[in-house]
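A.B. asks: Respectively, the protein sequence lines represent chains B and G. In my numbering, each residue's number is its place in the first sequence (first place is 1) plus 32. In my numbering, each residue's number is its place in the second sequence (first place is 1) plus 9. One structure, pasted below without further comment.
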Amino acid sequence: MNTILFMVQKETLQVLRDRKMLIQIFVPPVMQLLILAQAMTFEVSHVDMVVVDQDHSPASSTLVEHFTATGRFSIAVSTQSGHAADEALLTREARMILRIPDGFERNLRRGESPSLQLIMDAEDGAAAGIVLGWAQSVIQGYARTEGVRLVGAPVGRRAGPALTVTTRRLYNPEGRYLAYMAIGLLASLMTLVGVLLTSQNIAREKEIGTLEQLNVTPITKREFMLGKLIPFWILGLIELTIGLAVIRFLFGIPFEGAVGLIYLAAAVYLIAALGLGLFVSTISSTQQQAQFITFFVLVTFFFMGGIFTPVQSMPMWAQSVAELNPIKHFAVILRGVLMKGATLTDILRPLGAMTAFAVVVLVLSVRRYRKTA
Amino acid sequence: MSPFRSFVIKETRHILRDVRTLTVLLMLPIVMVLLFGFAIRTDVEDVRLIIVDPSSDVRSAELVRDFNATPAFRVEKVLPSSSGAEDLLRQGKADAVLILPIDFARSFERGTAQAMVLTDGINANFAQAVSNQAEAVIGRWQAGHSGQRPLIATAPRMRFNPTLASENLFVPGLLAFVLTLVSALMTAISIAREKETGTLELLLVSPLRPLQIVVGKVTPYLLLAFTNAITTLVVAWLAFRVPIEGSLVLLLASSLLYVLVALAIGVFISTKSADQRAAMMATLLALLLPTLALSGFVFPISSMPAPLQVVTKVVPATWFIRIVRGIMLKGIGVELLWKELLILTGMAAFLITVSTRSFSDRLDG
């Protein structure tokens, strides 16, 4: 037991003396959190559109006004030439073309369902889908008021059987991405720093030769690993605290659930993450290798773990693989507790999954590490 | 053999000897293309839906059947009442809840039936897409019953990406990311390591000029980066049919230009870093993370707050990604991309000058 305490003391002293490293652990992640979380959003704010009005009727002008009246659409180009409209898409001047065909008002009056053409810049398929949804609801709104008026049917009369649907979005009424991304980013940064520190630390000792010196002492594998892990585990929790403070006070995002649960989950998660760093260090002989393998492994884990994109959108096999990914469970717990107010019983399953991963990775690392290697 | 040639051969041998890192470097583009293509999506498919059906009559059975038949949804449970439904959303065991009206059939005939769709809104766009899909299914069911034609039809067309495939959006950015990783990160760490171990001093007393040292160090990584670029494009085509609508030559030339920019940044960072760890952190923070988040790679620039949109203009990857997307997805060439190409060339020229000067200063100083 004493040996572990001595190791922890030695590691802590080394960390505290290395001013540069301390700065690197705390300052960049906070800055990244502050800056990047605000950039990481998929919100579609504004749509520049092209109007190709070949009808030139009061009805078509009113339709265009319906678009601009929403405040979300603005007319970047108004032209009769299909070629000019296309070029506006190519040069990114606009991302949608609304083409109103000749005879629009006439067909509408006769009840002959005129067709409007919407051409979207679908480079970003998801955004195009959102913009299309908006455009279609503008058109439907137009049809319900102006269209019905033109056809001559009184507005507001319920014609026959109907089902009205309302949608309610829970946990994020404003539909912003800041909370979602900031939490994902915090989880990633904690992981990055933790795993890198651990893997690099041991690889460095290997490189400069102090590892061999440790190996000729009576220290056991377990004592060595615990001594290495504990200081970085504490650092990870400090980092979590700073990150949570940024999210709560600088971004002003309220916490729906109990912060204590976050710390419980983080305590378990950090063991898993640091254990991974330990494992990487057992398969690298230089710092450069450790950095590279860590980076490679982490990027894979981050993106397969649904940190920035929803796990539900992945193919089924990828979702099954994600179940083995501790950061996926950590993100689910973080978002569950902070954004949805989840309780301990709600998070038991992901918590258990992380614990299993931690145990497995530690056992593997201890097995791989050989004092005489 | 000239000292320069033997120097380049030495550098190449170093790289080839480090099998682990080399494997990672060569495998990286393949793994990332496959990862991003298969895993990073924003599609609405097999979304876990809970249906709350208090009336359990003819109409609700039709709707349940319709939702079951839609690939977008996977009906996990049909509950008789809404208690417990919201818990499932909170626990992350469901993505959406559809609450059908009580006495559905009768209220539907009278035109007063009300249904509610609850979505887990933590990911805003995803929630929006899910509710859009739910509304679409219900809309189709209603149209089937009333048989009315819509007043106005819309014919949407998705340009440049008809299948809305996410990989078409990501592959250009992935190219930038992989090239940045190999060119900047590897170069920075490599030079920093020589500084750390003291072998850089040895190079000083050799007959090589500073410029030759830089070029010699950088050449193997340039070749490696270029190989990675080709691998990325090939894998993207084989696995996902990501097209190259425009000129392949222009694409490769632009990639080369970008590699030069990244290499210059790598050299510059190495001159300012004391050791490998610092070099890696600096490259990660100053170049890799901005390339990931601030270049339009994954997150659209038009969605960002205005001050950050300005910052994106300084990130070289922003311009490179525009060029690659233009060539690959839109098939445009120099006539519409000249501005971006000019900026990238300017950046390359500036950065190469600055970094070689910084390198020479460090060596002499």
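Using N, Cα and C, we set each Cβ at its ideal position, and we do this for glycine too. Nothing here was measured: the structure is a model prediction, and the numbers come from that model.
Is there a Cβ of chain G sitting closer than 8 Å to that of D378/B, yes or no?
C.D. replies: Along the first sequence, one-based indexing puts residue 378/B at 346. It does; some Cβ of chain G falls within 8 Å.
A.B. asks: Taking the C-alpha atoms as reference points, what is the distance between L261/B and F362/B?
C.D. replies: Counting from one through the first sequence, the residue named residue 261/B turns up at place 229. Counting from one through the first sequence, the residue named residue 362/B turns up at place 330. Approximately 19 Å between the Cα atoms of the pair.
A.B. asks: With a threshold of 8 Å on Cβ separation, who are the neighbours of Y295/B within its own chain once the five nearest residues in sequence on each side are excluded?
C.D. replies: Within the first sequence, the letter at position 263 stands for residue 295/B. Excluding sequence neighbours, Y295/B sits near L269, L272.
A.B. asks: From which residue to which residue does the alpha helix (DSSP H) around S220/B run?
C.D. replies: Indexing the first sequence from 1 puts residue 220/B at position 188. Residues 210-240.
A.B. asks: Would DSSP call T100/B helix, strand or coil?
C.D. replies: For the purposes of this step, residue 100/B is taken as residue 68 along the first sequence, with counting starting at 1. T100/B falls in the helix class under three-state DSSP.
A.B. asks: Taking the DSSP output, what are the residues bridged to F82/G?
C.D. replies: The sequence position of residue 82/G within the second sequence is 73, counting from 1. DSSP lists V56/G as partners of F82/G.
A.B. asks: Taking all protein chains shown into account, decide if R189/B is buried (16 or more other Cβ within 10 angstroms of its Cβ) or exposed.
C.D. replies: What you label residue 189/B is simply residue 157 of the first sequence in a count that begins at 1. No answer about R189/B holds up, because its pLDDT of 45 lies below 50 and its placement is not dependable.
A.B. asks: Comparing the C-beta of D66/G with each C-beta of chain B, is any distance below 8 Å?
C.D. replies: Along the second sequence, read from residue 1 onward, the residue named residue 66/G stands at position 57. Taking Cβ atoms only, chain B never reaches closer than 8 Å to D66/G, which makes this a no.
A.B. asks: For L269/G, which residues in the same chain have their Cβ closer than 6 Å to its Cβ, ignoring the five residues on either side in sequence?
C.D. replies: As a first step, residue 269/G is located in the second sequence; it is residue number 260 there, counting from the start. If we look at L269/G and ignore the five residues flanking it on each side, its Cβ neighbours are A357.
A.B. asks: Helix, strand or coil for D129/G? Go by DSSP, reduced to three states.
C.D. replies: As a first step, residue 129/G must be located in the second sequence, where it is residue number 120. Strand, per DSSP.
A.B. asks: Would the stretch 296-315 of chain B count as touching the stretch 13-20 of chain G if we require 3 or more Cβ pairs under 8 Å?
C.D. replies: No contact exists between the stretch 296-315 of chain B and the stretch 13-20 of chain G.
A.B. asks: What would DSSP say about T321/G, mapped onto helix, strand or coil?
C.D. replies: Start at 1 with the first residue of the second sequence, and residue 321/G comes out as number 312. Reduced to three states, the DSSP call for T321/G is helix.
A.B. asks: What is the rounded straight-line gap between the Cα of T111/B and the Cα of V126/G?
C.D. replies: Within the first sequence, the letter at position 79 stands for residue 111/B. Within the second sequence, the letter at position 117 stands for residue 126/G. Between T111/B and V126/G, the C-alpha separation is close to 40 Å.
A.B. asks: When you check each C-beta in the stretch 51-77 of chain G against every C-beta of chain B, which residues fall closer than 9 Å?
C.D. replies: So the list reads T51, D52, V53, E54, D55, V56, R57, R68, L72, given in the order they occur along the chain.
A.B. asks: For the alpha helix (DSSP H) that contains L232/G, what are its first and last residues?
C.D. replies: In the second sequence, residue 232/G corresponds to position 223, counting from 1. Note, L232/G: alpha helix (DSSP H), 219-249.
A.B. asks: State the Cα-Cα distance for the pair I352/G and K281/G, rounded to the nearest angstrom.
C.D. replies: Walking along the second sequence from the start, residue 352/G turns up at place 343. Walking along the second sequence from the start, residue 281/G turns up at place 272. For I352/G and K281/G, the distance between alpha carbons rounds to 25 Å.
A.B. asks: Run through DSSP, which three-state label would T32/G get?
C.D. replies: Working through the second sequence from its first residue, we reach residue 32/G at position 23. Three-state result, T32/G: helix.
A.B. asks: Enumerate in chain order the residues of its own chain whose CB-to-CB distance from A382/B is below 6 Å, with the five nearest sequence positions on each side excluded.
C.D. replies: Stepping through the first sequence from its first residue, residue 382/B is reached at position 350. Inspection of the sequence shows that residue 382/B is occupied by Pro rather than by Ala. Excluding residues within five positions, the ones whose Cβ falls inside 6 Å are H361, V364, I365.
A.B. asks: Could you tell me the alpha carbon to alpha carbon distance between L221/B and A101/B, rounded to whole angstroms?
C.D. replies: Counting from one through the first sequence, the residue named residue 221/B turns up at place 189. Counting from one through the first sequence, the residue named residue 101/B turns up at place 69. Spanning the two alpha carbons is a distance of roughly 42 Å.
A.B. asks: Alpha carbons only, please: which of G225/G, L88/G, G153/G, F169/G is nearest the one belonging to G340/G?
C.D. replies: Counting from 1 along the second sequence, the entry for residue 340/G is found at position 331. Nearest C-alpha to G340/G: F169/G.
A.B. asks: By alpha-carbon positions, which one of P263/B, G289/B, T341/B ends up nearest to L37/B?
C.D. replies: Your numbering for residue 37/B matches position 5 in the first sequence. Checking every option, the nearest Cα to that of L37/B belongs to P263/B.
A.B. asks: Helix, strand or coil: how does DSSP classify A164/G here?
C.D. replies: The count along the second sequence starts at 1 and reaches residue 164/G at position 155. Reduced to three states, the DSSP call for A164/G is strand.
A.B. asks: Taking the Cβ atom as the reference point for each residue, do V62/B and I274/B lie within a distance shorter than 8 Å?
C.D. replies: Position 30 of the first sequence, counted from the start, is the residue given in the question as residue 62/B. Position 242 of the first sequence, counted from the start, is the residue given in the question as residue 274/B. Yes.
A.B. asks: Mapping the DSSP letters down to three states, classify V180/G as helix, strand or coil.
C.D. replies: Position 171 of the second sequence holds residue 180/G. DSSP places V180/G in helix when its eight states are reduced to three.
A.B. asks: I'd like to know whether the C-beta of I151/B is nearer than 8 Å to at least one C-beta of chain G.
C.D. replies: Position 119 of the first sequence, counting from 1, holds the residue named residue 151/B. Yes, its Cβ sits closer than 8 Å to a Cβ of chain G.
A.B. asks: Just to confirm, is the Cβ distance from T30/G to F324/B under 8 Å?
C.D. replies: Indexing the second sequence from 1 puts residue 30/G at position 21. Indexing the first sequence from 1 puts residue 324/B at position 292. Yes, they are a contact pair.
A.B. asks: So who's on the other strand from F105/B, going by DSSP bridges?
C.D. replies: Your numbering for residue 105/B matches position 73 in the first sequence. DSSP, once it has assigned bridges, lists V79/B as partnering F105/B.
A.B. asks: What number of angstroms, rounded off, separates the C-alpha of A124/G from the C-alpha of L370/B?
C.D. replies: If you number the second sequence from 1, residue 124/G lands on position 115. If you number the first sequence from 1, residue 370/B lands on position 338. Their backbone Cα atoms lie some 29 Å apart in a straight line.
A.B. asks: I'd like to know whether the C-beta of G120/G is nearer than 8 Å to at least one C-beta of chain B.
C.D. replies: Translated into the one-based positions of the second sequence, residue 120/G becomes position 111. Taking Cβ atoms only, chain B reaches closer than 8 Å to G120/G, which makes this a yes.
A.B. asks: Since I325/B meets chain G, which of its residues come closer than 9 Å, beta carbon to beta carbon?
C.D. replies: Counted from its first residue, the first sequence places residue 325/B at position 293. Chain G residues near I325/B: R29, T30, V33.
A.B. asks: Let me know the alpha helix (DSSP H) ranges lying completely inside the stretch 149-202 of chain B, each 4 residues or longer, listed in chain order.
C.D. replies: Qualifying alpha helix (DSSP H) stretches, in chain order: 157-174, 180-183.
A.B. asks: Return helix, strand or coil for R124/B, following the three-state DSSP convention.
C.D. replies: Position 92 of the first sequence holds residue 124/B. Here R124/B sits in coil by DSSP.
A.B. asks: Using the three-state DSSP reduction, which class does I294/B fall into: helix, strand or coil?
C.D. replies: Residue numbering aside, residue 294/B sits at position 262 when the first sequence is read from its first letter. Of the three classes helix, strand and coil, the one that applies to I294/B here is helix, per DSSP.
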